[in-house]
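Undergrad: Provided herewith is a single structure, encoded as structure tokens, for subsequent inquiry.
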Amino acid sequence: MHIFEIVIGVLFLSAWLTLCVAKYNKWKRRRRNCTSELTVKVTEVLEKKTSRGGMVYKPIFESVDDARQLIINSAYYSSLVSFEIGDIVELLINPDNPQQFLYKNDSLNKGKIADIACCCIPIIIVIGMILVEVY
1 MHIFEIVIGV LFLSAWLTLC VAKYNKWKRR RRNCTSELTV KVTEVLEKKT SRGGMVYKPI
61 FESVDDARQL IINSAYYSSL VSFEIGDIVE LLINPDNPQQ FLYKNDSLNK GKIADIACCC
121 IPIIIVIGMI LVEVY
């Protein structure tokens with residue numbers, strides 16, 4: 001039975017490391033590609049009901065610069081990130097694909113926080129299980 005636990009542990013560790021490296025590379029690519037600053041205005045906030053009955057919100061951004069009429073669809077957010085129609089937001093966009101962007105104010109990049117949590121929570125659980133087993 002001991003060998004089985006080691007194999008499961010190695011598989012878990014491999015999957016976890018692969019996930020963390022993929023998430024790191026995603027944000028590294030986005031940071032490298034999103035170099036052009038753009039000021040946008042929230043023109044619409046779409047609402048969507050989740051399967052659990054909660055609500056998520058999707059702000060639609062439009063460029064404030066008349067020479068660059070872009071409409072950028074963002075991701076859906078829970079109420080943790082709230083945008084109001086008319087809000088002005090600074091983005092860093094990918095010049096080749098404006099739909100790929102980062103918020104200039106890094107605290108709004110909630111996807112990054114979620115990805116970090118995805119990498120940290122499993123290892124915290126495993127450490128907790130090991131500590132419970134030892135003591």
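For the sequence shown, counting from 1, position 98 maps to 98 in the numbering used here; every step adds exactly one.
Quick reminder that beta carbons are idealized off the backbone N, C-alpha and C, glycines included.
Just to check my reading of the structure: GLU62 and LYS28 have Cβ atoms closer than 8 angstroms, yes? What is that Cβ distance to the nearest angstrom?
TA: Between LYS28 and GLU62 the Cβ distance is about 29 angstroms, and since that is not below 8 angstroms, they are no contact.
Undergrad: Looking at the structure shown, is THR39 part of a helix, part of a strand, or coil, going by DSSP?
TA: In this structure, THR39 counts as strand in the three-state DSSP scheme.
Undergrad: According to DSSP, which residues form a beta bridge with SER63?
TA: The partner list for SER63 (beta bridge, DSSP) reads VAL40.
Undergrad: Use the C-beta contact count for PRO59: other C-beta atoms within 10 angstroms, 16 or more gives buried, fewer gives exposed.
TA: Its Cβ being crowded by 16 or more others within 10 Å, PRO59 is buried.
Undergrad: For LYS30, which option in PHE12, ASP96 and PHE101 has the closest C-alpha, if you only look at C-alpha atoms?
TA: Inspection of the sequence shows that residue 30 is occupied by Arg rather than by Lys. Checking every option, the nearest Cα to that of ARG30 belongs to PHE101.
Undergrad: Hey, quick one: how far does the beta strand (DSSP E) through TYR103 stretch, first residue to last?
TA: That run of the beta strand (DSSP E) goes 97-103.
Undergrad: Thinking VAL45 and ILE85 are a contact (beta carbons under 8 angstroms), I'd like their distance in whole angstroms, please.
TA: Contact flag correct, Cβ pair sits at about 6 angstroms.
Undergrad: Let's test the definition: count the other Cβ atoms within 10 Å of the Cβ of SER74 and tell me whether it reaches 16, buried, or not, exposed.
TA: Per the 10 Å Cβ criterion, buried.
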